[in-house]
Every structure is written in C-alpha cells, then in structure tokens.
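**Q** Numbering (the numbering used here), first residue to last: -16 to 391.
This is the structure:
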C-alpha cells in the first residue's frame, strides 16, 4: 500500500489565520478517438463505442456521460453562439467518433460543475469527482478494450454516487472489484486517474499507470504526477484474468494470447514465460492537496502526455486566460470566465495533443515526449514524431462560491 503524499505544501497559499473561501468548480471536457479524422477519412465508419447504446444500467450511464457538453479539439467557429460557440454539428461529431478506448467519469457534487446531468445520477453535496481511464489496446481485436475502461469508470462513479465521501483510491478499489464480477466484461485492462474536489478546497487523487494529473496555480504547474510503467510504453493497469493454460509467448512483435484479462501484448518475450503483468489499485500513487480559487486541475490520458511537452500545459492555460481578458470578453462575470477557462482549456489541450500526433520528428522546435523517452532506450526503440492515440482531458477550475444572502 503506497502512503498518501501531501502536495502543494510549498506552493503559494493563503496566510495562516485567514479564512479559506468556499470553492465551486467549473468543468471542461474534451476527447477524441484515434480512429477519427484527420487520422482516417471523414467518410470512414467510426470505431468502437463500447457499451454506448447497449441499454442496461451500464450502457445508459455511458450514454449519459457521452451526452455531457464536450469538444473534440476542433476550434473552428461555429454557426451559432449556442453553448459558447459549440453548435449541434460539433455535438454530432463528438457523439459519432466518441472517445475510442478512453473514457471518463463525472460525479457532480451539489452542481459545482454546472453540468446537465440526468436524474439517473442523484445530486450530492460538497464533493465533485472526476476520473479518466485508458483501455489497453493490446486486447484488440479479440476483445474490445473500450469495454473495460468504460466499465471501470461506471463502477467508479457508482461507488462515489453511493458514498460521496469515499477517497478516490477506495472508489477505484471498489470499481476494480466490481469489474471483476461484471459478466459484461470478459477481458481487458486500463489505466486510471481520479480526483475528488471539495468545497473546502481539500483534494484527493489516485493515479495508476500513465494517465496523469497536473495542477496549475497562478499560471504555473505546481504539481504533476509521474507515469507508472513496468517498462517503456507498458503502463501499470488494473486487470483481471482467469486461469487458463499458457500458449507459446511468440516474438515481441506478435505475442499470442495468454490468460484472459491481461495486458499481454506488451510483454517482452523474455518476461512472458516468467509471469504476467496484473496490477491492483493498491499499487497506485495517492495524493492529498489544498486548492484555492484560481487553481486549475487537469486530468488526461496519455494521448496528451505522450505528445505534448508538460511545459506546454501552463502556457496554453495562460493563453486561454489572456484571450478571456481581452476587451470583447469584458462582459463575462467571474463565474462565466471560470467556466470558459475550463471549457476552452480542455479543448485547446486536445487540439494541441492531436496536432502533435501529426508531427514527423523532423521539426526543429521541440520533440514529443514519446520520441524523447524512446530515444533514451537506443536505436531499437527509435520513434520519431507524434504517437496517434485516443485522447481525453477533463479540467476543473476552482473559484470562490457566491456568498449566500442572509435570511431576514
């Protein structure tokens, strides 16, 4: 069991003795599947949708999440001013292409995130929970990797809907156990990062694998998770398996199937005969932190972090804030500014991540993190440019809650 780590202790914070403001949170959400334009023709059929449209409690929850207001990194002007510039055409594109093998969870406490959640998710008090998960693609084509990540997020949200006070690590354990008993998921594995945000500013988080969490304060990154990997491009990922005889491990370029629900396709041949990689939530890194108004909490899958240097995240956030400070946006209230900051930043990060996926490695300005890391392992692992992948980003912007008028 990894001990919790206190973070942001050295970051600027309110002076001792000062009353801490009650916080509220605005949410931004954006995601895009690798199996979508510009990486495939616009006329091509979409890829996996997992449980979407399948009915049942899990399928209906997935549909609820998919119908939340979200972008997909397409920042062209819309035909209307509805939803801050997101028109029905973009909504249709988001629903058509989906999140691929990534997925996410939102449990909105007390309306903090101002989302149009259906009555299927009851309102809670004083806690908002966000999470993202990346299904391990090595299970395809025999098994749909999206099923595991979606089921993990469903059971994660379900645990927190039943008990909003749960820590993210306890919710992930409950989700992991529930997926193991869920007959609708035969095999799979996934990374996960989850965070809880309270009106007091107290935050808790867990990260397992190479998805990530970044916290910005006053325009700077004051905390970033470090990816957990067994070896290059093989993240820690909760998975389940049933006892079946091993098959021949095969060469690294094409291993054959071994026990169900394991991330075998990324196991080197030398290790395949020794055992299998199956992580558990207890192996995740835990964090606790104190937030203040203006802080920005960003969760993302490795479609972002493999392609966009970490230093670009605060720079893009600052660019969004600069845009919102221009004269034509002077009419925005503080709450509206926070909401637009969250919405636009999530979309800008997805757009920047997808643009970086198109890099060839011949550019002179900067290299993708995936290229940089692969270069450390020698010519055998040489990789140039961007890594085309699913990408999912959620952003929470903290702001002071409006004071409640005293009753006469």
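A virtual CB, placed ideally from N, CA and C, is assigned to each residue, including glycine. Predicted, not measured: the structure shown is a model, and the values here were computed from it.
In terms of DSSP beta bridges, what is residue 376 paired with?
**A** Looking at the DSSP assignment, residue 376 forms a beta bridge with 13 and 283.
**Q** Grab the span of the alpha helix (DSSP H) containing residue 47 for me, first residue to last.
**A** Unbroken alpha helix (DSSP H) run through residue 47: 39 to 49.
**Q** Please tell me whether, using a cut-off of 7 Å, the distance from the CB of residue 308 to the nearest non-hydrogen atom of the ligand MG is below it.
**A** Questions concerning the ligand MG fall outside what the structure shown contains, since it holds no ligand whatsoever.
**Q** Do residue 181 and residue 151 come within 8 Å of each other at the CB atom, strictly closer than that value?
**A** Taking 8 Å as the Cβ cut-off, residue 151 and residue 181 do not qualify as a contacting pair.
**Q** On the premise that residue 269 lies in contact with residue 189, defined as a C-beta separation below 8 Å, what is that separation, rounded to the nearest angstrom?
**A** 5 Å between Cβ atoms; contact.
**Q** With distance defined between alpha-carbon atoms, name the residue in 75, 37, 40 and 38 nearest to residue 55.
**A** Answer by Cα proximity: 75.
**Q** Where does residue 139 sit, in a helix, a strand or coil, going by DSSP?
**A** It is helical.
**Q** Where residue 134 and residue 266 are concerned, what is the direct C-alpha to C-alpha distance, given to the nearest angstrom?
**A** Between residue 134 and residue 266, the C-alpha separation is close to 20 Å.
**Q** Rounding to the nearest angstrom, what Cα-Cα distance links residue 327 and residue 301 in this structure?
**A** Their Cα atoms are separated by approximately 11 Å.
**Q** Under 8 Å, with one C-beta from each stretch per pair, do the stretch 306 to 321 and the stretch 341 to 358 reach the 3-pair mark?
**A** No: the two stretches stay apart, fewer than three of their Cβ pairs being nearer than 8 Å.
**Q** Assuming residue 83 contacts residue 18 (C-beta within less than 8 Å), just tell me the rounded distance between them.
**A** About 6 Å; that satisfies the 8 Å criterion.
**Q** Is DSSP giving residue 303 helix, strand or coil here?
**A** Here residue 303 sits in helix by DSSP.
**Q** Check for me: the alpha helix (DSSP H) holding residue 78 runs from which residue to which?
**A** Looking at the DSSP string, the run of the alpha helix (DSSP H) that includes residue 78 is 71 to 80.
**Q** Just verifying my parser: in three-state terms, what is the DSSP assignment at residue 155?
**A** DSSP places residue 155 in helix when its eight states are reduced to three.
**Q** Which partner residues does residue 203 have in the DSSP bridge list?
**A** 200.
**Q** Would you mind giving the Cβ-Cβ distance between residue 15 and residue 80, rounded to the nearest angstrom? I have them listed as a contact below 8 Å.
**A** Confirmed, Cβ separation roughly 7 Å.
**Q** Three or more C-beta pairs closer than 8 Å, one from the stretch 303 to 317 and one from the stretch 28 to 35: is that the case here?
**A** They do not touch, by the three-pair rule.
**Q** Using alpha carbons as the reference points, say which of 372, 273 and 303 lies closest to residue 11.
**A** The shortest Cα separation from residue 11 among 372, 273 and 303 belongs to 303.
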